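Asker:
Residue numbers (the numbering used here): 8 to 583.
(1) Indicate whether the contact test is met: 3 or more Cβ pairs, each with one atom in the region 220-233 and one in the region 415-431, closer than 8 Å.
(2) What does the alpha-carbon distance come out to for the pair residue 565 and residue 376?
(3) Between the alpha carbons of residue 305 and residue 249, how many angstroms are there, rounded?
(4) In chain order, what residues of the same chain have a beta carbon less than 7 Å from the beta carbon of residue 136, not counting five sequence neighbours either side?
(5) Report yes if the C-beta distance between residue 272 and residue 283 is below 8 Å; otherwise report no.
(6) Under a Cβ-count criterion, where at least 16 other Cβ atoms within 10 Å of its own Cβ denotes burial, should residue 575 be classed as buried or exposed?
(7) How would you label residue 438, buried or exposed, when you count the other beta carbons within 10 angstroms and need 16 or more for buried?
(8) From residue 209 to residue 278, what does the alpha carbon distance come to, in whole angstroms?
(9) Would you decide whether residue 138 is buried or exposed? Buried here means 16 or more other CB atoms lie within 10 Å of its CB.
(10) Identify whether residue 54 lies in helix, strand or coil by the three-state DSSP scheme.
(11) Does DSSP put residue 276 in a helix, a strand or coil?
(12) What do you reckon, are the CB atoms on residue 579 and residue 285 nearer than 8 Å?
(13) Considering only the alpha carbon of each residue, which of 543, 546, 476 lies closest to residue 514?
(14) With distances taken from CA atoms, which of 58, 522, 221 is nearest residue 373?
(15) To which residues does DSSP link residue 225 through a beta bridge?
(16) Using a threshold of 8 Å, state whether the C-beta atoms of residue 388 and residue 409 are closer than that.
(17) When the distance is taken between beta carbons, is residue 56 closer than 8 Å to residue 339?
(18) In whole angstroms, what is the alpha-carbon distance linking residue 559 and residue 280?
(19) Based on Cα-Cα distance, which residue from 91, 190, 40, 180 lies nearest to residue 49?
(20) Look up residue 8 in the DSSP assignment and say whether it is helix, strand or coil.
(21) Would you kindly work out how many angstroms separate the C-alpha atoms of residue 365 and residue 469, rounded to a whole number?
(22) What are the start and end residues of the beta strand (DSSP E) that includes residue 508?
(23) Could you pull out every unbroken alpha helix (DSSP H) segment of at least 4 residues lying fully inside the region 283-358, listed in chain order?
(24) So, at 7 Å on beta carbons, what are the nonlocal neighbours of residue 395 in its own chain, with the 5 sequence-adjacent residues on each side left out?
(25) Suppose the cutoff is 8 Å on Cβ atoms and the five residues either side in sequence are ignored; what does the same chain contact list for residue 297 look like?
(26) Using CA coordinates, which residue listed in 147, 93, 62 is at the minimum distance from residue 34?
(27) Cα-Cα, which of 53, 571, 262 is closest to residue 508?
(28) For residue 216, does the three-state DSSP call read helix, strand or coil?
(29) Identify which residue in 42, 81, 411, 385 has its Cα closest to the Cα of residue 402.
(30) Leaving out five residues on either side along the sequence, give the residues of the same chain with a beta carbon under 6 Å from the beta carbon of residue 351.
(31) Rounded to whole angstroms, how far is the Cβ of residue 536 from the Cβ of residue 521, which I believe are closer than 8 Å?
(32) The alpha helix (DSSP H) with residue 265 in it runs from where to where?
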C-alpha cells in the first residue's frame, strides 16, 4: 500500500513538472504553434519518457540524506531556471553554443541576464522545479530494484537516441533533458574539435567606413532551365526578369556546381573550395564567417533547413558566428525533406535581424539557406501562393515551377530589405545543386547531368558595379567564386588556399572547373567531373583509375589524363 501511494505521488510530481515545462518555461503562443508539428510530438514524448524513467530511477536514492537530495534537486532547478530565462528572451532553449559561451565568460552571461526583463519568472520556475525534485528523491524506492535499473538502462538508450540523432530538436524536448543533452553535446563538440587540424590565425581589424554589407543566399535544388530568367517559356521568375531589365541582377550563364548534393556543395561554398577533398582539407581552412568577423563584420546564418544533419553545424557555428537560427526555430515540422516556409523565415527571422544590425553601424555578412525546391515540391509552397495549377503530383512540373516562382518572390523581398539597410550592399545567390524534374526521364539529383551541375548563379551588385559584373556573364564560373568575391569586397586576403576566383577580376576563358562527390563531408564517393569552358566534361572514377568522355564510349586510364588536368586532382589525392 505504501509503495502504491509513493508511486501515485511520483506520477503527480512528474505531471506537475510537465505542466511547469509547457505552461511556464514556454508560452501559450509558442505551444499553440508547436503542438501541430510531428517533430514536436516525437521529441517531447520521447524526452518526457526519458525524464519519467529518470525520476523512477532516482526516487528514494537520497533517502533521508539532505545533501545529496539538495544537490540533485539544485541541478534540475538550475536547468529549469536557465531554460526559462533563455526562452523568455529568445523564444527557444539554450543551445550547445550558448553553454560554451557561458563557460567562456560566466560573468558576462549573468550580466546580460540581469539586464533582461525576464528575471522573476525564471527564479520562481527554478525554485519550484527544484522543490518538486527534492520531494521525488525523498520518496520511498521501489522494492524491485531490477525494474528500476532495467528502466534506467532503457531510458539512457532513449536519451542517447534523442540527443545524438539529427531528428533531435532540443527546443521541442522536455526542458531539463534538452539542457543536459546540450551540455553533453558541448563537451563532445570540444573533444571532436580537438581532432580537427588547427585553422590559421586571422588578424582582426575594424571594417572600413565604406565596407558594404553582403548577403549570400544558398538555394536548394533549383533547375535553371525552369527559370524565365534563363529562357524558360513560363513566367516563373517575373520579379527577377524585371530586375534584370533594370540592370539590378546579373544571371551568370556558365556556372557550375561544386557538388551534386547539399553536403557536397554547401560546406565548400562557404569555404571557397572546389574539387576533390578525400582527406578533409575543409576542416583546416577558415569559413566565410571567420573571415568576415576578423574584418569587422556582424555575422549571421539563418537557414530554413535543419543544419544539424550530419553535424554540418559544427563546421560553421563557432565563436565568429554572432547569430544562428535554423528550420526548427521557425517550424515544429521542419525536417530534412521540407524545411520551414521560406517566406516565414524571411519575414520573422531575416528581416528582423537585418533591422537589428543598424544600431551597431557595422556592415553585416549574412548567409541564408532556403528550403527552396527540395522534393517533395508541393510541400514547399503554401497553397495561397501557388501559381501553376493543378499540381498533378507532388513531384510534377507544376509543383516544381511553383517553387521557382516562390524563390523569385523570396529573392526580390530579401533584396528590398537589404538595400533599405545598405544601398551599397551586395547579394549573391546560388543553388546548392540542380534537380531533375518530372518529364526528363530521370529523378532527383546526384548525377553529373546538366540539370544537376549547370546552375543558376545570380549577382545583385550596387548599380555602379553592374557593368563590371555583367562583363563576366558568359565566363566559366563556379559557386566557389562567390566566396572569393566576398573576400575581395571585404578587402581580405585569404590565409589558406582557395579555389574560387573573384568576379571583380577577369575570369580566364579557358578555365577548368570541378564538380565532385569525392568529399569527406558526405560519403567520399570517388567520382568527380572535370568541366570544360564549353560545359563538356570528363567523368573520373578514382576507384577504377578511369576517365570517361561525356556522351561517348571513349574511356582512358587516369594516368593518360593531360598532366595539366591531373594536377587539379593529384595534390589532394595524397593526405597533407
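Where a beta carbon is used, it is the ideal one built from N, C-alpha and C, also for glycine.
None of the values given here were measured: they were computed from a predicted structure.
Answerer: Here's the rundown:
(1) yes
(2) 37 Å
(3) 31 Å
(4) 24, 27, 83, 84, 87
(5) no
(6) buried
(7) buried
(8) 14 Å
(9) exposed
(10) helix
(11) helix
(12) yes
(13) 476
(14) 221
(15) 376, 437
(16) yes
(17) no
(18) 30 Å
(19) 180
(20) Residue confidence for residue 8 is low, a pLDDT of 49 falling below 50, so the modelled location carries little weight; the figure read from the coordinates is stated next. In the structure shown, residue 8 sits in coil (DSSP, three-state: anything other than H, G, I, E or B).
(21) 19 Å
(22) No beta strand (DSSP E) contains residue 508, which DSSP labels as neither H nor E.
(23) 295-301, 320-323, 349-352
(24) 405, 408, 409
(25) 206, 209, 325, 327
(26) 93
(27) 262
(28) coil
(29) 385
(30) 337
(31) 7 Å
(32) Per DSSP, residue 265 belongs to no alpha helix (DSSP H) and is neither H nor E.
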